[in-house]
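Colleague:
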Amino acid sequence: MSKKIFVPALALVGCLSLGSCIGDEPLNAECDIEQVSLSVPDAESIFYHEYDTMQVVSSAVDSVGFLIRYDKSVGQLPLTLKVTEGAQAYILSDGEFVPFRNGQLVDFSEEQIREFRIVSQDGKWARMYKINIVHDVAPEREHFFMNVTFDHFGLNSTGKYHVWYGAEENSISYDQWATGNPGFNLSKSSAKVEEYPTVGVAEGGVDGGPYVKLETRDTGAFGRMVNMRLAAGNLFIGTFDVANALKDAMAATRFGLPFKHKPIKVTGWYKFKAGEQFQNRQGQKVDRMDLPDIYCVMYRNQDSEGNQVLLYGDDVLSSKAIVGLARITGVVETDEWTQFEMAVEYNQELDDNLLENNGYSMTLSMASSIEGASFEGAPGSIFCVDNVVIECEY
Amino acid sequence: MKKIAFLFLACFALLSATAQEDKWKEWGPTSPSQAGFLVRAGYTLGGTTPLPLPDEIRSINEFSPKGGATVGLDVYKMFGRRWGISAGWHFFYEGFHTGADVKNYKMSLTQEGNTMSGYFTGTDITNTDMWGMTMPVLITFRFAPRWNVSFGPYFSTYFKRSFKGEVYDNKDGVGYLRVDTPTGEKINIDHSNPATYDFHDDMRNWNGGIELLFDWKVARHFNAFASLDWGLSNIWDKGFEAVDFRMYPLYATVGVAYRY
């Protein structure tokens with residue numbers, strides 16, 4: 013019996029029984045900016061809300077933009093970054109990264125983009141971030157049509173799926189469209205671009221050009237592992253927080269962005285084909301025909317205590333904050349482009365002062381399965397949408 | 357008088373040597389051919405463990421062997437008083453349950469051609485069961501009349517095996533995967549909707565290792581024994597990446613044997 017083997021063997025038995033072989037804790041490998049805040053006295057005069065000076069940064073995001081009033085400007089502001097424990101932040105200054113300390117004055121004048129590099133505690137990983145402060149567009153109090161042509165899409169940073177840009181005519185000023193594609197990417201890494209639930213199609217729209225194709229897709233083995241067996245194609249104004257895609261899918265869809273106009277009517281074109289078999293969340297067959305959904309919601313984005321209000325998957329159609337709502341009805345299966353029209357019904361008058369001060373948010377949302385947010389629907393349901401127009405009274 | 361005393365002492369020494377000689381004989385093989393067999397039955401405890409424990413494993417909160425069993429037959433042959441060999445054929449069931457807190461635990465899951473990989477921080481629960489057959493070939497050294505120690509290689513094959521588990525948040529509510537690298541998207545996972553896994557398809561259906569066995573002869577036909585089986589081959593198939601480190605079975609057995 014060799015001592016060489018016998019000694020570790022005994023040590024192992026010790027390990028298993030006592031758990032005494034736990035090594036030193038590895039240093040943190042993550043290097044995120046988790047939160048960015050600006051110190052601004054009288055914030056509401058430059059920004060719209062007090063809370064506009066602080067942003068929680070999603071792990072998937074590497075650029076942070078703050079929005080100030082169109083007629084205001086900023087210079088040097090004290091900046092505070094909350095980074096992963098133990099990580100070190102550096103700021104690009106005169107062509108090189110120098111250590112950044114919280115509270116340091118950072119020049120944000122002229123909408124300049126400031127670059128940061130965060131290095132993990134273990135020194136092995138780093139992330140680059142961009143932070144800037146941009147001006148809002150000047151409000152225009154005139155009747156107008158916001159045309160959503162779905163013409164502006166491209167591949168995401170990893171080249172896996174389509175993303176849409178806010179380059180619509182008369183659009184709100186920053187990236188506005190979100191989809192659940194980042195969530196689907198987790199479950200079906202092998203999917204090709206055109207196999208995602210939300211896909212931009214270059215030709216064949218109602219005017220011959222691009223349109224958006226939403227299709228309810230099976231999420232495969234990984235989807236079953238987390239009891240999310242299907243993913244409806246969706247496209248909406250807002251953000252998709254992939255961090256919560258598994259934990260709380262309803263909270264992952266954050267609807268709406270501030271909007272300075274009063275939508276009154278939404279029109280557009282669609283084609284629809286229901287998938288063959290409707291299933292519930294457990295994957296059991298249900299005798300029901302699948303239907304798509306489109307709605308437009310206008311809501312008050314701040315509560316009486318000044319806290320930000322966001323609508324999520326579970327309250328976007330039921331929240332008390334909703335002031336106006338339009339929802340499609342009477343969808344039929346059709347392979348011809350068919351027009352729809354829906355009026356925005358208001359439960360109160362909009363406050364013009366609030367409207368000008370970004371006090372309302374608007375979302376337009378469409379999905380290939382009406383119960384898709386609850387992972388119910390019929391895989392194979394296809395909903396194509398093109399040339400949506402949001403008509404605004406002013 | 358002195359002579360008598362000397363004679364007495366000499367007789368005594370002779371007698372005790374004879375007694376010692378008798379003990380080796382009395383507790384030796386029961387058959388004149390110095391060969392025989394043992395029928396063993398034992399209770400098995402143990403688990404499958406990475407060796408050494410990687411630093412990514414921060415604590416083992418639960419470790420409860422489910423309690424296995426083994427029954428089998430050994431044949432042996434002694435060459436003289438001290439040395440011998442044996443070969444066995446044992447059937448076993450082994451299982452364990454562990455719960456560990458991990459930090460930046462590299463993992464990669466592949467299901468139906470889709471891969472999800474990254475670094476997980478949180479709680480990992482594992483349940484394993486293995487049914488199989490093991491064949492040890494041991495050299496025996498009899499270091500006292502009633503004590504044998506045996507040592508040698510073994511080879512196991514599994515009829516059925518499972519390696520299932522789930523990952524979710526730890527007691528501080530921290531449970532997330534960083535996709536692909538520690539800078540990738542952060543996906544929160546909690547106990548209300550854990551991510552489950554089943555790696556049985558990725559396990560080898562054999563294992564080789566070494567066995568150390570102590571036998572104590574309680575009665576002429578009855579032994580008590582304790583053994584340690586230490587697997588030296590990784591339990592995972594080549595190319596399996598879900599778990600970033602090799603894991604080895606390590607099982608201890610205590611039991612009784614009928615000796616002939």
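Residue numbers (the numbering used here), protein chains in the order written: chain A, 13 to 406; chain B, 357 to 616.
Even for Gly, the Cβ is constructed at its ideal location relative to N, Cα and C.
1. Tell me the rounded alpha-carbon separation between Thr490/B and Asn292/A.
2. Any C-beta of chain A sitting closer than 9 Å to the C-beta of Arg602/B?
3. DSSP state of Ala255/A, grouped into three classes?
4. What's the call for Ser387/B, buried or exposed, on a 16-neighbour Cβ count within 10 Å?
5. When you compare the stretch 97 to 110 of chain A with the stretch 80 to 87 of chain A, are there three or more beta-carbon pairs, one atom per stretch, that lie closer than 8 Å?
6. Taking the CB atoms as reference points, tell me whether Thr400/B and Thr484/B lie closer together than 9 Å.
7. Near Arg498/B, which residues of its chain fall below 6 Å by C-beta distance, leaving aside the five closest residues on each side in sequence?
8. Scan the stretch 394 to 415 of chain B for residues whose Cβ lies nearer than 8 Å to a Cβ of chain A and list them as they occur along the chain.
9. Alpha carbon to alpha carbon, how far is Asn193/A from Phe395/A? Give it in angstroms, no decimals.
10. Contact defined as beta carbons within less than 8 Å: I believe Gly371/A pairs with Leu322/A. What is the distance between those atoms, to the nearest angstrom?
11. Using only the alpha-carbon positions, how far apart do Thr346/A and Ala379/A sit?
12. Exposed or buried, what is Tyr475/B when buried is set at 16 or more other beta-carbons lying within 10 Å of its beta-carbon?
13. Is Ala72/A helix, strand or coil by DSSP?
14. DSSP has Trp281/A in a bridge; who is on the other side?
15. Going by the beta-carbon positions, is the gap between Lys172/A and Ala203/A smaller than 9 Å?
16. How should Trp137/A be labelled, buried or exposed, when 16 other C-beta atoms within 10 angstroms of its C-beta is the threshold for buried?
17. Across which residues does DSSP place Phe78/A in a beta bridge pair?
18. Anyone know if the C-beta pair for Trp487/B and Phe452/B falls short of 9 Å?
19. When the Cα of Met140/A is compared with those of Lys422/B, Gly540/B, Ser464/B, which residue comes out closest?
20. How is the beta strand (DSSP E) around Glu127/A delimited, first residue to last?
21. Does the stretch 544 to 563 of chain B come into contact with the stretch 242 to 258 of chain A, if we say contact requires no fewer than three beta-carbon pairs (one atom in each stretch) closer than 8 Å?
22. Since Asn256/A meets chain B, which of its residues come closer than 8 Å, beta carbon to beta carbon?
23. Among Leu569/B, Arg602/B, Arg576/B, Trp380/B, which residue has its Cα nearest to the Cα of Ala608/B?
24. Indicate whether at least one CB of chain A lies closer than 9 Å to the CB of Arg498/B.
25. Could you name the residues of the same chain whose beta carbon sits closer than 6 Å to that of Thr279/A, not counting the 5 residues immediately before and after it, in chain order?
26. Could you tell me which whole beta strand (DSSP E) segments of length 3 or greater appear in the stretch 467 to 517 of chain B?
27. Looking at chain B, which residues of the stretch 32 to 50 of chain A have a Cβ within less than 7 Å of any of its Cβ atoms?
28. With a threshold of 8 Å on Cβ separation, who are the neighbours of Asn319/A within its own chain once the five nearest residues in sequence on each side are excluded?
Modeller: On the basis of the data shown:
1. In the second sequence, the residue the question calls residue 490/B occupies position 134. In the first sequence, the residue the question calls residue 292/A occupies position 280. C-alpha separation (whole angstroms): 46 Å.
2. Start at 1 with the first residue of the second sequence, and residue 602/B comes out as number 246. Chain A contact via Cβ: absent.
3. Along the first sequence, one-based indexing puts residue 255/A at 243. Helix, per DSSP.
4. On the second sequence, residue 387/B is found 31 positions in, with the first residue counted as 1. Classification of Ser387/B: exposed, given that the 10 Å Cβ count is below 16.
5. no
6. As a first step, residue 400/B is located in the second sequence; it is residue number 44 there, counting from the start. As a first step, residue 484/B is located in the second sequence; it is residue number 128 there, counting from the start. No. Outside cutoff.
7. One-based indexing of the second sequence puts residue 498/B at position 142. Arg438, Asn504, listed in sequence order.
8. Gly402, Gly403, Thr405, Leu407, Pro408, Leu409, Pro410, Asp411, Glu412, Ile413, Arg414, Ser415
9. For the purposes of this step, residue 395/A is taken as the residue at position 383 of the first sequence. For the purposes of this step, residue 193/A is taken as the residue at position 181 of the first sequence. Distance between the alpha carbons of Phe395/A and Asn193/A: 16 Å.
10. Sequence index remark: in the first sequence, residue 371/A carries index 359 (1-based). Sequence index remark: in the first sequence, residue 322/A carries index 310 (1-based). With 8 Å as the limit, Gly371/A and Leu322/A do not qualify as a contact, their Cβ atoms being about 14 Å apart.
11. Here residue 346/A refers to the residue found at position 334 when the first sequence is read from its first residue. Here residue 379/A refers to the residue found at position 367 when the first sequence is read from its first residue. Their Cα atoms are separated by approximately 16 Å.
12. In the second sequence, counting from the first residue as 1, residue 475/B sits at position 119. By the neighbour-count rule (16 or more Cβ atoms within 10 Å), Tyr475/B is buried.
13. To locate residue 72/A, count along the first sequence from 1; it is residue 60. In the structure shown, Ala72/A sits in coil (DSSP, three-state: anything other than H, G, I, E or B).
14. Working through the first sequence from its first residue, we reach residue 281/A at position 269. According to DSSP, Trp281/A bridges with Gln351/A, Asp398/A.
15. Residue numbering aside, residue 172/A sits at position 160 when the first sequence is read from its first letter. Residue numbering aside, residue 203/A sits at position 191 when the first sequence is read from its first letter. Yes.
16. The sequence position of residue 137/A within the first sequence is 125, counting from 1. Buried, by the Cβ-count rule.
17. For this step, residue 78/A is matched to residue 66 along the first sequence. Ile145/A.
18. Against the second sequence, residue 487/B aligns to sequence position 131. Against the second sequence, residue 452/B aligns to sequence position 96. Cβ atoms of Trp487/B and Phe452/B: not closer than 9 Å.
19. Walking along the first sequence from the start, residue 140/A turns up at place 128. Among Lys422/B, Gly540/B, Ser464/B, the Cα nearest to that of Met140/A is on Gly540/B.
20. Numbered from 1 along the first sequence, position 115 holds the residue referred to as residue 127/A. Per DSSP, Glu127/A belongs to the beta strand (DSSP E) from 126 to 131.
21. yes
22. Within the first sequence, residue 256/A is the residue found at index 244, counting from 1. Going along chain B in sequence order, the residues near Asn256/A (Cβ under 8 Å) are Asn544.
23. Position 252 of the second sequence, counting from 1, holds the residue named residue 608/B. Cα-wise, what sits closest to Ala608/B is Leu569/B.
24. Numbered from 1 along the second sequence, position 142 holds the residue referred to as residue 498/B. It does not: the Cβ of Arg498/B has no partner Cβ on chain A nearer than 9 Å.
25. Locating residue 279/A in the first sequence gives position 267, counting from the first residue. Once the five neighbours on either side are set aside, the close Cβ partners of Thr279/A are Glu353, Val401.
26. 470 to 500
27. Cys33, Ile34, Gly35, Asp36, Glu37, Pro38, Ala41, Glu42, Cys43
28. Counting from 1 along the first sequence, the entry for residue 319/A is found at position 307. Cβ within range, chain order: Tyr63.
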